[in-house]
């Protein structure tokens, strides 16, 4: 659920091009987006 939240937050127009955003009171860097996308891709492969 957290990986989806990170992906969705960076997809919002107001966050386009930002390197760091606030999500649920925490700072999230764009590198976390890359990690979240990898995790979601793996989950899709195994059918989770």
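Residue numbers (the numbering used here): 18 to 65. No residue lacks a Cβ here, since even glycine has one placed at the ideal position from N, Cα and C. None of the values given here were measured: they were computed from a predicted structure.
Should residue i go down as buried or exposed, given a rule of 16 or more other Cβ atoms within 10 Å for buried?
i	result
residue 23	buried
residue 26	buried
residue 37	exposed
Run through DSSP, which three-state label would residue i get?
i	result
residue 43	strand
Check each candidate in the options and name the one with the smallest Cα separation from residue i.
i	options	result
residue 20	64, 63 and 55	55
residue 18	62, 64 and 53	53
Report all residues from its chain with a CB closer than 7 Å to the CB of residue i; omit the five preceding and five following residues, and keep chain order.
i	result
residue 40	22, 23 and 26
Near residue i, what residues of its chain come up, given a Cβ to Cβ distance below 6 Å and the 5 sequence neighbours on each side ignored?
i	result
residue 46	37
List the endpoints of the continuous alpha helix (DSSP H) containing residue i.
i	result
residue 33	Neither: residue 33 is in no alpha helix (DSSP H) and is coded neither H nor E.
For residue i, which residues from the same chain have a beta carbon less than 8 Å from its beta carbon, with the 5 sequence-adjacent residues on both sides left out?
i	result
residue 35	27 and 47
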